[in-house]
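Numbering (my numbering), first residue to last: 167 to 556.
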């Protein structure tokens, strides 16, 4: 019996080692063909155009159900790759773009893309003279109009591989399963479309309350002063966002309100215990308002696309192998709620994207008219939650 057990263990270990070697080998071979440059750079590919068109179509069709007036707003989009920036939805645009809120003019004249159109209309491009000076992923001004900005999906994937590789120890760079991680984090086209919607919401914020957008973005200067490595602060953040997630998950509004009260009390205690200055408290609140609202809007719109009877995506997306017809969005939304807890243990402002998003989800239940107030001067998400649970 003992010999049999040892034999089973031996062959099991051999099998496990063989499997690991096979996985490493497959990963290594896959990495040999990782893309390093966009296939097309001087115009938008048909798939990139289809993704842009669907993002516009989705926002215009369902956007007002997430944020009143957002679907009706005419928001052009800039996407860019390693060589060119492209501008769609803007006829005869003035030169360049203005980085906000720094108010820095960038870029040069836009030229019409010859022998190609977007949705039957002329679209524009300009060569990026410096690869480090791009429209970034946010919102900019072109003339007097707020424009959403984002990398193309193809270029975003290439950048993901490059940046991830640089952060890994050299021994892992050749065998790490980059494609798998990309697929888990950003592979679905719907996730990319959601990112376009996220930046389009920033364009709405800029259009309606430019001073507030500037104040919230400028608050990011406090990031380097924030005590990310304070263990007590980190522990309290975990406890705090756990209450938020529990409040989102509960089916009882009464229980949700009670959990929110506990969340607010713990938040006040955490800030006092950590000795956060008013500037650092403002940093938390401003980033939750700016990025939390955009994250909430991005996720809510994708979820609506998967659950709204009668919504039809554009046929051109059927050619996209990464498009799932919004069937994964409900599961993705639930996973993003779980992500609220995970971001509490990471350094960096991503935690505010998620804590702000969760607060907005709760406000939908506890203070239905909150969207009429949240753009008012100095009104933050946590202020409305306090009001909702008084």
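Even glycine gets a Cβ: it sits at the ideal position worked out from N, Cα and C. All values reported here derive from a predicted model rather than from experimental measurement.
Continuous beta strand (DSSP E) stretch holding residue 313: start and end: 311 to 317
Local Cβ density within 10 Å of residue 337, reported as buried at 16 or more and exposed below that: exposed
Residue 382 beta carbon less than 7 Å from that of residue 305: no
Secondary structure of residue 546, DSSP reduced to three states: coil
Assigned exposure category for residue 231 - 16 Cβ within 10 Å defines buried: exposed
Alpha helix (DSSP H) runs contained entirely in the stretch 413 to 465, provided each spans 4 or more residues: 419 to 440, 444 to 453
For residue 253, the three-state DSSP class (helix, strand or coil): strand
Euclidean distance between Cα positions of residue 268 and residue 299: 14 Å
Same chain, Cβ closer than 7 Å to residue 262, neighbours up to 5 away in sequence not counted: 271, 272, 273, 274
Expected contact under 8 Å - CB spacing of residue 514 and residue 461 to nearest Å: Residue 514 to residue 461, Cβ: 14 Å. No contact.
Cutoff 7 Å; reference residue 297; Cβ partners in own chain excluding five residues on either side: 248
Segment contact flag, the stretch 281 to 291 with the stretch 395 to 409, C-beta cutoff 8 Å, min 3 pairs: no
Alpha helix (DSSP H) segment containing residue 392, residue limits: Neither: residue 392 is in no alpha helix (DSSP H) and is coded neither H nor E.
Beta-carbon spacing of residue 495, residue 469 below 7 Å: yes
Per-residue burial, residue 220 [other beta carbons within 10 Å of its own, 16 or more giving buried]: buried
Buried or exposed (CB count within 10 angstroms, at least 16 for buried), residue 214: buried
Residue 244, DSSP secondary structure in three states: strand
Start and end residues, alpha helix (DSSP H) containing residue 376: 376 to 384
Rounded Cβ spacing between residue 244 and residue 312 (contact assumed at less than 8 Å): Their Cβ separation, rounded to whole angstroms, is 11 Å, which puts residue 244 and residue 312 out of contact at 8 Å.
Rounded straight-line distance, which links the Cα of residue 457 to that of residue 541: 13 Å
Beta-bridge pairing of residue 265 - partner residues as DSSP gives them: 270, 306
Contacts around residue 453, its chain only, beta-carbon distance under 8 Å, and the 5 residues preceding and following it disregarded: 382, 385, 386, 515, 518, 519, 522
Terminal residues of the beta strand (DSSP E) in which residue 290 lies: 290 to 293
Residue 537 to residue 234 span [Cα, whole Å]: 8 Å
Which listed residue (414, 366, 287) has its alpha carbon closest to that of residue 256: 287
Reference residue 253, options 229, 238, 208, closest by Cα: 208
Same chain, Cβ closer than 7 Å to residue 490, five either side skipped, listed in chain order: 354, 356
Reduced DSSP secondary structure (H/G/I, E/B, other) of residue 277: strand
Backbone CA spacing between residue 359 and residue 372 [nearest angstrom]: 20 Å
Three-state secondary structure assigned by DSSP to residue 287: strand
Integer-rounded CB distance, given that residue 526 should sit under 8 Å from residue 414: In fact, because the Cβ distance is near 10 Å, the residues do not count as touching under 8 Å.
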